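Undergrad: Numbering of the sequence shown is given in the numbering used here, commencing with residue 77 and proceeding in unit increments.
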Amino acid sequence: MAKHYEVLERAFINGKLCEPGDVVVLEIDSPGSHLKEVKVEARQDKAKPGQKPAAKPDEKPEDNLPDA
77 MAKHYEVLER
87 AFINGKLCEP
97 GDVVVLEIDS
107 PGSHLKEVKV
117 EARQDKAKPG
127 QKPAAKPDEK
137 PEDNLPDA
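(1) Can you tell which of ILE89, GLY108 and ALA78 has the C-alpha that lies nearest to the C-alpha of ASP98?
(2) Using the Cβ count rule (16 or more neighbours within 10 Å means buried), how would you classify VAL114?
(3) With DSSP run on the structure shown, which of helix, strand or coil describes PRO112?
(4) Check the DSSP bridge columns for LEU93 and list the partner residues they point to.
(5) Could you give the first and the last residue of the continuous beta strand (DSSP E) run that contains GLU82?
(6) Buried or exposed for VAL101, going by 16 or more other Cβ atoms inside 10 Å?
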């Protein structure tokens, strides 16, 4: 099962340069000294599937259209 780890020192992980503070998701046996397991809480602020974010009151939807 994949777990979330915080990168403690700069390292290449799966071919990507990760900086300290980055969070990566890995399936590994032991994280070593440059990774620390972090607990991830369920996010409550996600929109339900199918919902679109509401437009801001001072913003008109037609203002966001691309130029022709």
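Note that the Cβ used here is the ideal one computed from N, Cα and C, for glycine as well.
Just so it is clear, the structure is predicted and the values come from calculations on it, not from any experiment.
TA: Let me lay it out:
(1) It is ILE89.
(2) It counts as exposed.
(3) According to the sequence displayed, residue 112 carries Lys and not Pro. Assignment of LYS112 by DSSP, reduced to helix, strand and coil, places it in the strand class.
(4) Paired residue(s): PHE88.
(5) 79-83
(6) exposed
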